[in-house]
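The block underneath contains the structure these notes are about, expressed in structure tokens.
Protein chains: 4
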Amino acid sequence: MSLTAQVRVLYADTDQMGVVNNVHYLRYFEIGRAEYLRDRGTPYKKLEEMGLKFPVVEAHLRYREPARYDDLLDIETEVEDLRAASVQFKYAIRRGAGSGPAVGAVLCEGWTKHACLNEHNQLKRFPDFVLALLRPTGVASR
Amino acid sequence: MSLTAQVRVLYADTDQMGVVNNVHYLRYFEIGRAEYLRDRGTPYKKLEEMGLKFPVVEAHLRYREPARYDDLLDIETEVEDLRAASVQFKYAIRRGAGSGPAVGAVLCEGWTKHACLNEHNQLKRFPDFVLALLRPTGVASR
Amino acid sequence: MSLTAQVRVLYADTDQMGVVNNVHYLRYFEIGRAEYLRDRGTPYKKLEEMGLKFPVVEAHLRYREPARYDDLLDIETEVEDLRAASVQFKYAIRRGAGSGPAVGAVLCEGWTKHACLNEHNQLKRFPDFVLALLRPTGVASR
Amino acid sequence: MSLTAQVRVLYADTDQMGVVNNVHYLRYFEIGRAEYLRDRGTPYKKLEEMGLKFPVVEAHLRYREPARYDDLLDIETEVEDLRAASVQFKYAIRRGAGSGPAVGAVLCEGWTKHACLNEHNQLKRFPDFVLALLRPTGVASR
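Protein chains in written order, with this note's numbering: chain A, 1 to 142; chain B, 1 to 142; chain C, 1 to 142; chain D, 1 to 142.
What follows is the structure, encoded as structure tokens:
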């Protein structure tokens, strides 16, 4: 079960190759997982207010085709792996409708892995309601 | 009395006009005032550890000439105005030595005004040692 | 005549003061004027394809209240001044609906001034259709 | 054979967890490989002027310990893999001297893979002088 969010490419996101610079995709990934959590009912802000933190501990990006200025990008996000105290989100970024001819092609794909920490920055098992929130439909957590 | 810091323009700082995008100069200004304070003996980090915060309350930027990829920029910083609970830094960014023919021309100039807040985000008069730190040589604070 | 665009504050936009760092507002301003032009019928991308460029030559920002993580910001944009070869956009950023109690307060306001350049980076008078695009309703260009 | 470059963490690089946000490390990686190439005698800017482009096609980051405001980071860069038309740089970011007690610990490590493109964005074999530039001492290119 995935969620698709959108982001418009800014001029400030391009570089002198005329395409989106590689550093910006981790921002797009953040948009993807934020909207994923919001869609499941609990924005990350609420989780943080409850004393939980999900810092990124690992990230991977594969840049397939360049995104360009003013493209409206679709950021497709899903939970790829869920453990007792870590979760991995998977992303696929596509050129969205209204962004010219090559709509739908994957421009960048990747994943981020997050640990679950408490307020004292100690590793913590996900509370049950967070496991339920993150659990992909039809997939049991391991 | 000014202090000159340096920053190298990253590829990620350029945009598809082939020049540094306007949004990045506020970062360069931060580098300028951080090195100014360090040079005067008290890095901003130390001030913050003492419970002081100097958030930006106003900023102005005049873009004169484009900076380009890999330019080594000189960021000249000085205190332009010092009040009981606010300070204004002034910046001039020049293309530095080793960055091609037009060395020394001002590319961007501007200023940032900062309030002094305590840990509870209340406006606070600068402690005396901070006034001494910020006071431009030969200029009395008002 | 103004146009209101929206942006969601990212975690990556906050700093360790717990608020949006000052450098990000120039990005928000870009979103504001991009959507203003799109709403008037000609996205900036189209203008650039016609050989026109509107680089920022001056910018001003006044930070009134901090924006916070996950705030949904309203970016209100209008044309404040229109000359033969330059235009000034004015922005007011407010906490939008769904962002907690203090909806509507201006968090940051400012302006950006842009020159009109042709493909050779020479100053150029705005073509008539661009003047019509930029002209605030009921206000003659000077 | 590696090259160590340095970068100072900006306030704008921190987030409300009080640490450097994950998105900024790809900027630090860029600094690392730019200084690596400069040290070997040919800055990337020169390569681009010769019509070569090395866009990032894949990136990996492992975040081990948080970097903090004002840390002076050491970015250690080396070539990990060199093929006929692609190169992989490997990075290790450590807290440098003058950044408090835990000097030397690896905060973030990762790699970026780059294709070699010509001016028409076609895959191109590295010219011999670039192979020599990128070849790690004592390691034959494959």
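Here a beta-carbon is modelled for each residue, glycine too, at the ideal position from N, C-alpha and C.
Since the model is a prediction, treat every value here as computed from it, not as a measurement.
Taking the CB atoms as reference points, tell me whether residue i and residue j lie closer together than 9 angstroms.
i: B/Asn118; j: B/Leu52; result: yes
i: C/Ile31; j: C/Val7; result: yes
i: C/Val103; j: C/Ala92; result: no
i: B/Asp71; j: B/Gly96; result: yes
i: A/Ala68; j: A/Thr14; result: Note on identity: in this sequence residue 68 of chain A is Arg, with Ala being the wrong assignment. Yes, the Cβ-Cβ distance between A/Arg68 and A/Thr14 is below 9 angstroms.
i: B/Ala12; j: D/Leu10; result: no
i: B/Tyr28; j: B/Leu37; result: no
i: C/Val23; j: D/Gln16; result: no
i: A/Ala115; j: A/Leu123; result: yes
Determine the chain D residues that contact residue i at a beta-carbon separation under 7 angstroms, and present them in chain order.
i: C/Asp70; result: Here the premise fails: no neighbours, minimum Cβ distance about 11 angstroms.
i: A/Asn22; result: Leu26, Val56 and Ala59
Start and end of the beta strand (DSSP E) containing residue i?
i: B/Tyr63; result: Val56 to Tyr63
i: A/Phe89; result: Ser86 to Arg95
i: B/Lys124; result: First-last for B/Lys124: undefined, no H or E at that position.
i: C/Asp71; result: Premise fails: C/Asp71 is in no beta strand (DSSP E) and is neither H nor E.
i: B/Ala185; result: The question about residue 185 of chain B has no answer here: the residues shown for chain B are numbered 1 through 142.
i: B/Ala5; result: Leu3 to Arg8
What does a CB cutoff of less than 6 angstroms around residue i pick up in its chain, not counting 5 residues either side in sequence?
i: B/Glu78; result: Ser2 and Lys90
i: B/Arg125; result: Ala84 and Ala85
i: D/Gln88; result: Glu80, Asp81, Trp111 and Lys113
i: B/Glu109; result: Arg62 and Ala92
i: D/Pro66; result: Val19
i: D/Val130; result: none
i: D/Arg94; result: Asp74, Gly104 and Val106
i: C/Ala140; result: The predicted model places C/Ala140 with a pLDDT of 47, which falls under 50 and marks its position as unreliable; any figure quoted below should be read in that light. Cβ within range, chain order: n/a, list empty.
i: B/Leu134; result: Val79, Leu82 and Val87
I want to verify the contact list: residues of chain B whose CB lies under 8 angstroms from the CB of residue i, in sequence order.
i: D/Ile31; result: Arg8 and Leu10
i: D/Lys45; result: Tyr69 and Asp70
Going by DSSP, what residue range makes up the alpha helix (DSSP H) through residue i?
i: C/Phe29; result: Tyr25 to Arg40
i: B/Val130; result: Asp128 to Leu134
i: A/Glu48; result: Tyr44 to Glu49
For a contact defined as C-beta to C-beta under 8 angstroms, what are the partners of residue i on chain A?
i: B/Gly110; result: Per Cβ cutoff of 8 angstroms: no residues; B/Gly110 is ~18 angstroms from chain A at best.
i: D/Met17; result: Lys53 and Pro55
Just the chain B side, please: which residues come within less than 9 angstroms of residue i by C-beta, in chain order?
i: A/Thr77; result: What A/Thr77 touches in chain B: nothing, since even the nearest Cβ is about 24 angstroms away.
For residue i, which residues in chain D fall below 9 angstroms Cβ to Cβ?
i: B/Arg95; result: Those do not exist, as B/Arg95 stays about 14 angstroms from chain D at its closest Cβ, beyond 9 angstroms.
i: A/Tyr63; result: Pro55, Val56, Val57, Glu58 and Ala59
Quick one: which chain A residues come within Cβ less than 7 angstroms of residue i?
i: C/Arg40; result: By Cβ distance, chain A contributes nothing, its closest Cβ being about 15 angstroms from C/Arg40, past 7 angstroms.
i: C/Arg83; result: Within 7 angstroms Cβ-Cβ: nothing; C/Arg83 doesn't reach chain A, min ~22 angstroms.
i: B/Thr14; result: Asp15 and Gln16
Residue i touches chain C at which residues, Cβ-Cβ below 8 angstroms?
i: A/Arg125; result: Neighbours of A/Arg125 on chain C: none; closest Cβ ~23 angstroms, over 8 angstroms.
i: B/Glu150; result: In the structure as shown, chain B begins at 1 and stops at 142. Residue 150 of chain B is therefore absent and cannot be evaluated.
Below 7 angstroms CB to CB, which residues in the same chain sit around residue i once its five sequence neighbours on both sides are set aside?
i: D/Cys26; result: Rather than Cys, the amino acid found at residue 26 of chain D in this sequence is Leu. For D/Leu26, where only same-chain residues beyond five positions count, the Cβ hits under 7 angstroms are Ala59.
i: A/Asp39; result: Leu3
Can you determine whether any heavy atom of the ligand NAP sits closer than 8 angstroms to the C-beta of residue i, and answer yes or no?
i: C/Asp39; result: Judged by which ligands are present, the structure shown has none, so any question about the ligand NAP falls away.
If I measure Cβ to Cβ from residue i and keep anything under 8 angstroms in the same chain, skipping five residues before and after, which residues do I get?
i: D/Thr4; result: Asp74, Ile75, Glu76 and Thr77
i: D/Asp128; result: none
i: B/Ala21; result: For the sequence presented, residue 21 of chain B should be read as Asn rather than Ala. Cβ within range, chain order: Asp13, Thr14 and Asp15.
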